[in-house]
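Numbering (full-length UniProt numbering), first residue to last: 1 to 337. Note that the Cβ used here is the ideal one computed from N, Cα and C, for glycine as well.
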């Protein structure tokens, strides 16, 4: 386990430990201020974040790079005027077809985790349960390397390009092994270039890195499409086609979120600037409120999920939202399940 290299180790409830040189990821004063205030959500003291500075949290627990302006201005789908319900969760509509939250560890690979999570759900939903893959983030982290940085960050538009052109295998075939930040900038070498054995074939040319798994089947998507930033358009897409992917800005108080409807608080406004950092992250929206699956494991938040204010572009979560269709053929529908 990680040995704390700074004064951000285990805090006592009443202590005010020295964090003047570097802001701690877990700040007792911030947690107390959030829980005393009327902010609509509760904060928690997560022991698995002890020993980490805020700078390390931003560097190792997020990992999505904003797309360039050309991609950010992709055509948006048109807005809708339909009346939509106030409650909806994808897992209720499509039981057994929506993956539980994942855990990226200290790998800044949210770009790969959110992409794999949304693609898995979409393929399961669009195939009506005939295909239910849990796709491999590691396949993207190690193999989607063109202008990507693996566990040091990446772009979701390039991840979707890879899923469309190359495809990825399942997590059981290519398990996640980059839980701790890799020492080399290149990270772990690709063990499975997802090239198929022939036209129309779905098997990779190599065997699975996990010798216990024999199915080296490749899964692909169609091109990703951007939704308008309208809450109604995002809700309609979510309810009709399944979970969507969203980019968001993570601030210092988001790391300690435990429950409720998150809004960024001003509790650190009076602190020096290094206590008020933010970085770019990507997540899977599964329900209206919004309800979203994070990739920090199930011990964080509401069983790995969080709720965040809807319709106000809180933390820019409605700025760049994408959907995608799984590549599913009639043959796939017939031969599986």
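Go to residue 105, then tell me how far its beta strand (DSSP E) extends in each direction, as first and last residue.
-> Secondary structure note for residue 105: it is in no beta strand (DSSP E), with a DSSP letter that is neither H nor E.
Check whether the stretch 120-131 touches the stretch 94-102, counting contact only when three or more Cβ pairs, one atom from each stretch, lie closer than 8 Å.
-> Because the criterion of three Cβ pairs below 8 Å is met, the stretch 120-131 and the stretch 94-102 touch.
Proximity below 8 Å, CB of residue 261 to CB of residue 57 | When the beta-carbon positions are compared, residue 261 and residue 57 stay at least 8 Å from each other.
Counting Cβ pairs, one atom from each stretch, are 3 or more of them under 8 Å apart for the stretch 103-110 and the stretch 58-72?
-> Contact holds: three or more Cβ-Cβ distances are below 8 Å.
In terms of residue numbering, what span does the beta strand (DSSP E) encompassing residue 246 cover?
-> Membership of residue 246 in the beta strand (DSSP E) is indicated by the continuous run 244-251.
Could you tell me the distance, in whole angstroms, from the CA atom of residue 89 to the CA atom of residue 291?
-> Rounded to the nearest whole angstrom, the C-alpha separation of residue 89 and residue 291 is 8 Å.
Given residue 22 as reference, the closest of 43, 52, 249, 47 once Cα atoms are compared = Answer by Cα proximity: 52.
Is residue 167 near residue 218, with beta carbons less than 8 Å apart?
-> For the pair residue 167 and residue 218, the CB atoms are nearer than the 8 Å cut-off.
From residue 287 to residue 279, what does the alpha carbon distance come to, in whole angstroms?
-> Approximately 24 Å, taken between the alpha carbons.
Can the beta-carbon of residue 141 be found closer than 8 Å to that of residue 172?
-> Cβ distance not < 8 Å, so residue 141 and residue 172 don't count as in contact.
Could you tell me whether the stretch 307-324 touches the stretch 242-261, where touching means 3 or more Cβ pairs closer than 8 Å?
-> The stretch 307-324 is in contact with the stretch 242-261.
Going by beta carbon distance, what residues of the same chain come within less than 6 Å of residue 235, once the five residues before and after it are set aside?
-> For residue 235, same chain residues with a beta-carbon under 6 Å away, outside a window of 5 residues either side, are 84, 288 in chain order.
If you run the structure through DSSP and keep just helix, strand and coil, what is residue 318?
-> Per DSSP, reduced to three states, the secondary structure at residue 318 is coil, with no helix or strand assignment.
DSSP on residue 89, reduced to helix/strand/coil?
-> Look at residue 89 here: in three-state DSSP terms it is strand.
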